[in-house]
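Structure record follows, encoded as structure tokens.
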Amino acid sequence: MGLVGDKSRGRRKGKELKEYDEDDPEEHHHNPFLSTSSITKSSLSRPQFRKEVSRARWVEEMGMGEVIEKKGSMWTTTGVVRNGKLYCLIEEIVFLAERGALVLLDNDDTSVELVEMYQKVADGKYGCSWESFEAYRHLKLLGYIVGRHGLHWTLKHDMSLRACSSWLNTEDRDQIPERETEDDILITHMLDAMQIAEIYPAFDVYLPNSKFKKSLPGDPSFILCLLRGEPPSEKAVENLEKKCNDIPLKFCDVDHGRVSFFSFNKVALPSLP
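Residues 1 to 273, numbered by UniProt numbering, are exactly what the sequence shown covers, in order.
Below you can see the structure in the form of structure tokens.
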């Protein structure tokens with residue numbers, strides 16, 4: 001098994017929403033942040049002023065922010081829909097807040113400072129480590145559609161998503177208490193994996209697509225797996241490929257803010273005479 005190319009590096013008020021329609025045709029996917037291609041290292045850590053600013057309220061019990069004011073085109077490919085409401089994950093919150101596109105509120109409707117959001121990521125309690133966030137940010141700035149692996153965009157048509165079977169097997173499904181959702185189980189498995197695995201699938205990544213729908217996302221272009229420590233063994237990669245239903249895998253290593261992507265490919269060498 002040989003290491004092949006595909007390697008890139010990078011640094012590191014309005015109307016209240018009553019119900020979110022994941023099939024809303026008014027928004028088409030494009031990356032509104034690509035215009036910030038001249039972003040410097042210093043600008044990544046401070047909010048950038050934007051005219052269209054959305055608002056979300058942090059829900060500690062869910063580990064997500066409930067979007068209470070939606071502005072801009074990015075929501076077509078950002079956030080998950082639950083019970084007619086739109087929620088955004090911690091990596092999405094921080095990414096948007098860094099660009100001045102989102103204000104996060106606490107229970108008292110007080111704005112949450114960016115440094116507090118960073119701490120939520122650093123704590124690793126909400127299904128996203130700091131390394132995962134840096135990989136997410138890098139992919140978003142490149143224009144990809146990025147969703148957390150195994151977490152359905154919407155429960156309306158969740159059969160379209162093929163999560164790696166390693167994170168939620170049949171036995172787990174049978175043991176889900178009534179008060180505990182499938183998403184809760186998935187997040188728990190992902191958190192466990194972040195602590196013990198040398199490699200784990202972190203994000204489902206899609207190519208830019210103006211017709212992308214959360215209700216029918218289809219299979220991702222590839223699944224991004226984060227590495228911990230040394231490169232994975234050939235057996236570990238092969239096992240993960242099987243569990244991910246043969247969806248292409250790409251791997252990511254984050255080292256002191258430097259994000260590297262690569263993939264593996266089998267190469268058959270001819271026998272020498």
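Using N, Cα and C, we set each Cβ at its ideal position, and we do this for glycine too. None of the values given here were measured: they were computed from a predicted structure.
Quiz item: For residue 225, which beta-bridge partners are listed by DSSP?
Solution: Beta-bridge annotation (DSSP): residue 225 is paired with 201 and 251.
Exercise. Would you mind stating whether residue 121 and residue 133 have Cβ atoms separated by less than 7 angstroms?
Key: yes
Quiz item: alpha helix (DSSP H) containing residue 144: first to last residue?
Solution: For residue 144, there is no enclosing alpha helix (DSSP H), as DSSP marks it with neither H nor E.
Quiz item: Got a sec: does the ligand NAD put a non-hydrogen atom nearer than 6 angstroms to the Cβ of residue 129?
Solution: This structure lacks the ligand NAD, and indeed carries no ligand of any kind.
Quiz item: Buried or exposed: which applies to residue 45, given that a residue is buried once 16 or more other Cβ atoms fall within 10 Å of its Cβ?
Solution: Since pLDDT at residue 45 reaches only 48, below the 50 mark, its modelled position is unreliable, and no value is offered.
Self-check item: Residues of its chain near residue 55, where Cβ-Cβ distance is below 6 angstroms and the 5 sequence neighbours each way are ignored
Solution: Within the same chain, residue 55 has close Cβ partners 68, 69 and 103.
Self-check item: CB contact check: residue 67 to chain B, cutoff 7 angstroms
Solution: The chain labelled as chain B is not found in the depicted structure, where only one protein chain is given.
Self-check item: Beta-carbon proximity of residue 126 to residue 63, cut-off 7 angstroms
Solution: yes
Quiz item: Going by DSSP, which residues form a beta bridge with residue 56?
Solution: 67 and 104
Quiz prompt | Straight-line Cα distance separating residue 99 from residue 205 | solution = 21 angstroms
Exercise. In angstroms with no decimal places, state the Cα-to-Cα distance between residue 110 and residue 58.
Key: 10 angstroms
Practice problem: With DSSP collapsed to three states, give me the class of residue 154. | Solution: strand
Practice problem: Measure the alpha-carbon distance for residue 101 versus residue 76 and round it to whole angstroms. | Solution: Whole-angstrom Cα-Cα distance: 14 angstroms.
Quiz item: If you follow the alpha helix (DSSP H) that residue 214 is part of, which residue opens it and which one closes it?
Solution: From DSSP, residue 214 is part of no alpha helix (DSSP H); its letter is neither H nor E.
Exercise. Just the C-alpha distance for residue 80 and residue 96, rounded to the nearest angstrom, thanks.
Key: 15 angstroms
Exercise. Measure the alpha-carbon distance for residue 258 versus residue 154 and round it to whole angstroms.
Key: 32 angstroms
Self-check item: Simplified DSSP state of residue 257, which is helix, strand or coil
Solution: coil
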